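Novice:
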Amino acid sequence: MDTNELKELLRELRFSAELTDATAAKLVALVAVRHYLAGAVIFAEGAENPWVYLVVEGEVALEMCIPARGCTRILTLGAGDLLAWSSLLGNGRMTAGAHALTDVRLLAAPAKLLKDLCASDQHFAAEFYREVARALSNRLVATRLQLLDLYGDTSAAAMTALAH
Amino acid sequence: MISPRTAGAMPAAGPWLPQSAVLESVTPETPGVATYCLRLTSGDCLAKYSFDPGQFNMLYVPGYGEAAISLSGPTRRAAQGGADTELLVHTIREVGSVTGAIARMTVGQKLALRGPFGKPWPLAELTGVDVVLVAGGIGLAPLRPVIYEILSQRDRFGRCVLLVGARSPENLLYAPEYSAWRSAGVEIHTTVDRPAAFWKGNVGVVPLLIDRLRLRDAGRTAFLMCGPEVMMRFSAAGALARGIGRERIWLSLERHMQCAVGLCGHCQLGTELLCRDGPVFRFDRVEPLLQIHDL
Amino acid sequence: MESFLAHSDLQRLIDALAGRGYMVMGPTLQQEAIVYDRVTRIEDLPRGWTDDQQPGKYRLRRRDDEEFFGFVVGPHSWKRFLFPPLTTLLTSRQTEEGWEFETPPDDPPPLALLGVRACELAAIAVQDRVFMGGEYVDPTYAERRRKLFLVAVNCTQAASTCFCVSMNTGPRCRQGFDLALTELDDGFLVEIGSDAGKELLAALPSRAATAAELEEAEAHRQRARVQSRSIPSDEVHDLLLANLQHPRWSEVAERCLSCANCTLVCPTCFCSSVQEVSDLTGENFERRRQWDSCFNLDFSYFSGGHVRQQTRARYRQWLTHKLATWIDQFGTSGCVGCGRCITWCPVGIDLTEEVAAMREGAP
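Residue numbers (the working numbering), protein chains in the order written: chain A, 207 to 370; chain B, 149 to 443; chain C, -19 to 343.
1. Would you list the residues sitting across from tryptophan 298/C in a DSSP beta bridge?
2. Taking a Cβ distance cut-off of 7 Å, strictly less, list which residues of the stretch 166 to 179 of chain B are near chain C, in chain order.
3. Closest to arginine 430/B by CA distance: which of Leu401/B, Glu395/B and Arg424/B is it?
4. Mapping the DSSP letters down to three states, classify threonine 349/A as helix, strand or coil.
5. Given a threshold of 16 other Cβ atoms within 10 Å of its Cβ, counted over all protein chains shown, does alanine 216/B qualify as buried or as exposed?
6. Considering only residues of the same chain and omitting the five flanking positions on each side of tyrosine 178/C, which have a CB-CB separation below 7 Å?
7. For a cutoff of 7 Å on Cβ pairs, would you count arginine -8/C as touching chain F?
8. Alpha carbon to alpha carbon, how far is leucine 303/C from cysteine 142/C? Give it in angstroms, no decimals.
9. Output needed for aspartate 341/B: all residues of its chain with C-beta closer than 6 Å, excluding positions within five of it in sequence on either side, in chain order.
10. Mind pulling the chain C residues with CB within less than 7 Å of leucine 421/B?
11. Along the chain, where does the alpha helix (DSSP H) containing histidine 404/B start, and where does it finish?
12. Jot down the residue ranges of each uninterrupted alpha helix (DSSP H) in the stretch 313 to 349 of chain B, minimum 4 residues, whole runs only, in chain order.
13. Would you mind sorting alanine 195/B into buried or exposed? The rule is 16 or more other CB atoms within 10 Å of its CB.
14. Check whether the Cβ atoms of valine 182/B and glutamate 297/B sit closer than 7 Å, and answer yes or no.
15. What do you get for methionine 338/C, buried or exposed, if any count of 16 or more other CB atoms within 10 angstroms of its CB means buried?
16. I believe phenylalanine 279/C touches histidine 414/B by the beta-carbon criterion, under 8 Å. Please report the beta-carbon distance rounded to the nearest angstrom.
17. For a minimum of 3 consecutive residues, which ranges assigned as the beta strand (DSSP E) are wholly contained in the stretch 218 to 256 of chain B?
18. By Cβ distance below 7 Å, which residues in the same chain neighbour valine 237/B in space, the five residues on each side in sequence not counted?
19. Name the two residues that bound the continuous alpha helix (DSSP H) containing tyrosine 121/C.
20. Against chain A, which members of the stretch 196 to 219 of chain B pass a CB distance test of less than 9 Å?
21. Would you list the residues sitting across from valine 106/C in a DSSP beta bridge?
22. At the 7 Å Cβ level, is aspartate 365/B part of the contact set with chain A, yes or no?
23. Do you know how far the Cα of isoleucine 358/B is from the Cα of threonine 282/A?
24. If the cut is a Cβ gap below 9 Å, which residues of chain A does phenylalanine 382/B touch?
25. Where does phenylalanine 371/B land, buried or exposed, given buried means 16+ other C-beta within 10 angstroms?
26. What are the residues in the stretch 246 to 260 of chain C lying within 9 Å of chain B by C-beta distance?
27. Tyrosine 335/A by DSSP, collapsed to three states: which one?
28. Out of Ser198/B, Val209/B, Gln406/B and Leu165/B, which one is the CA nearest neighbour of leucine 171/B?
29. If leucine 281/B and leucine 291/B are in contact, beta carbons under 8 Å, what's the gap, nearest whole angstrom?
30. Cβ closer than 7 Å: which chain A residues qualify as neighbours of valine 360/B?
31. Is glutamine 255/C buried or exposed, if buried means 16 or more other CB atoms sit within 10 Å of its CB?
32. How about glycine 474/B and threonine 305/C: do their beta carbons lie closer than 7 Å?
33. If you pair each beta-carbon of the stretch 232 to 243 of chain C with each one of the stretch 270 to 290 of chain C, do three or more pairs fall below 8 Å?
34. Leucine 438/B and arginine 381/B look like a contact to me (Cβ under 8 Å); what is the Cβ gap, rounded to whole Å?
35. Establish whether the CB of glycine 285/B and some CB of chain C are separated by less than 7 Å.
36. Shorter than 7 Å from the beta carbon of tryptophan 271/C to some beta carbon of chain B?
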């Protein structure tokens, strides 16, 4: 993909649609397109992964694993979603594992270069982290809704418990 | 007796007089949920009964009481392929004494109903529009008649998209019908809060599907929603964020219905009496009412 | 064209109504209050009595004159005769073929209400809109309303809890009656409000009223305009709906017992619940409607819980419905300024004071 095509892509993706041209151009300089086939592991839980991604196309599954319980899919991501934010904000270790559910296309940027750019360029940092904050706040609200268990449990066990 | 003035309601009945019906079939759907098909026993009532998608009946089991249940089957005009147009279809979640009594009934037993009541989905306003149906849990039941309606006049509408969420995969309502709907031109995206081991699909709440939905033209897209109120509130916010106008979003609200005719006060939510002003509301009308949980 | 009827001929009015088949209901003195009950003789009326009303207080006191109607309103309203506290709506009978449903035959006796105040006429008009003005008409109410004869009485004094002036519902009876009486020193000024009223008056020994009597009537009626309480009826709808999270709701909730007295005495409250009742055989059922109240916790039961769990939410529901959202639903206010809710609240909550408090706090 050439620079202009990448700029177009950033315009379309929810994460980057509202960045100024200047900021988008700086981001374009850092990203590359990556492809993953369905089933491929993008990164493992707990791994040090030095990349940050934007999902362009396809579905990515996030999973967390617990000893003896196994691995649980906690969220699926799609076009426009931010992936591997821990490489920017955390200690670089992934809090969940990610693998491609379908064939997936991602934009990948090296976390270190992004962080260096943010340190030296205030305007870029302000805009970029605004979008990161927005993406994570949406993710937080969605997680809260999941936690509320809005649908309730209609299984026989739960309904029997309710009756008593 | 003074009759209600709505078309398609029971002939010559006061608002309290139910009509006898027989339980013709029971189809288990998801845990705790089944679909009950009723046939009115009076030929006169049978001929005259008609409903619009989004309306509900008060089902009555003598000795137990009444429960407000949305109609979840095709209207007469939308019923296709030799379907029995006289069957009144209701998908019911067993939660209390009346719905429990219905769940214990066997085919051939009699009960009764009053209806139809309520304001239906605004299908007349959706000609040429891309229709996005947002359903959570049993909320898909009052939306299914819309799907049947759209499929019966497919060319009249634009895209038809169904975003449906449930607690876990076994709770996805009407899942066995999804592939037929897809073949007939409905785009379906499913998601669950809690996956099972075999689940290969989306995990996460329904508003996330709205964030990711590809839209052709926000100005010619309408959202019809039904599910837990909190889910609908965040789904509406998600639709607004995608550029859908407040006057193009509809929700089906729920409170305890008792008389169903706007006279007992139970279903009041602020300015609205849900049984007569709803249950389907345009979002701009009810937006402020949803902001206070104990209104 | 107003007429004059002597005090001594009031019995003839009652008899004329009874003679036309009406059961006359009017004010009577029972259990230390003035309540509405069957009246056959003028001696049944609380002549020479008056009521002292304050928030949470109601006392009867002897007047120093013999006015027939020298009091205002008590714990009863006329709604109990049009919207009965308990009604059987439906019977269900199990037969071999299935269920047989019947609406019980309803042939209530025609009632003549004697002594209806302006606020009460307004309340009946409000309930007419609720029960008969919408898509579905309540047959129980409609049948009783159809057979009703209304003899109104213009108030000649106001209780301290009255505020009909600010609600534009009184104290003058202007419409909705068949006959309206204004008590004078030795008789009644009678106004005709309908053909039925005209016909009845023609059977009574009345004569045209004199100019002096008209003046006396006006002077007596003016006394009722002296009211110490008020609600800003033009502003209250928007005021309440803009202040649904006002701290005053929590404050009043600390006093409110959620006892439902206010809804019971209110002449316009119409909330009800239906019960399924069985006989011993288990083959015969009835659906019975009875008065309920939004103050009852169970009234807002829904989906395994209660929507209005706190008193704060229930009080807010009652007041905002009565003064604000009623207008959105039915086109008029639900409140007629009769003040009963103030008098009969055991802790003396005064809705006029609550509205004023919110108005002060409003930006």
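Each residue gets a CB set at the ideal place from its N, CA and C atoms; glycine is no exception.
Values in this document were obtained by computation on a predicted structure and should not be read as measured data.
Specialist: Taking the geometry as given:
1. In DSSP, tryptophan 298/C forms no bridge with anything.
2. Pro166 and Ser168
3. Glu395/B
4. helix
5. buried
6. It is lysine, not tyrosine, that sits at residue 178/C in the sequence shown. Contacts found: Ile172.
7. Protein chains in the displayed structure are A, B and C, and chain F is not among them.
8. 16 Å
9. Arg315
10. Gln309
11. Segment: none, histidine 404/B is in no alpha helix (DSSP H) and carries neither H nor E.
12. 326 to 331
13. exposed
14. The sequence given here has alanine at residue 182/B, not valine. Contact: no.
15. buried
16. 7 Å
17. 236 to 241
18. Thr183, Cys185, Leu219, Ser220 and Gly221
19. 119 to 126
20. none
21. According to DSSP, valine 106/C bridges with nothing at all.
22. no
23. 13 Å
24. Val347, Ala348 and Leu351
25. buried
26. Cys249, Phe250, Cys251, Ser252, Ser253, Val254, Gln255, Glu256 and Ser258
27. helix
28. Val209/B
29. 5 Å
30. According to the sequence provided, residue 360/B is arginine. The question's valine does not apply to it. Here the neighbours are Gly284, Ala285 and Gly286.
31. exposed
32. This structure cannot settle anything about residue 474/B, because the visible part of chain B is limited to 149 through 443.
33. yes
34. 5 Å
35. no
36. no
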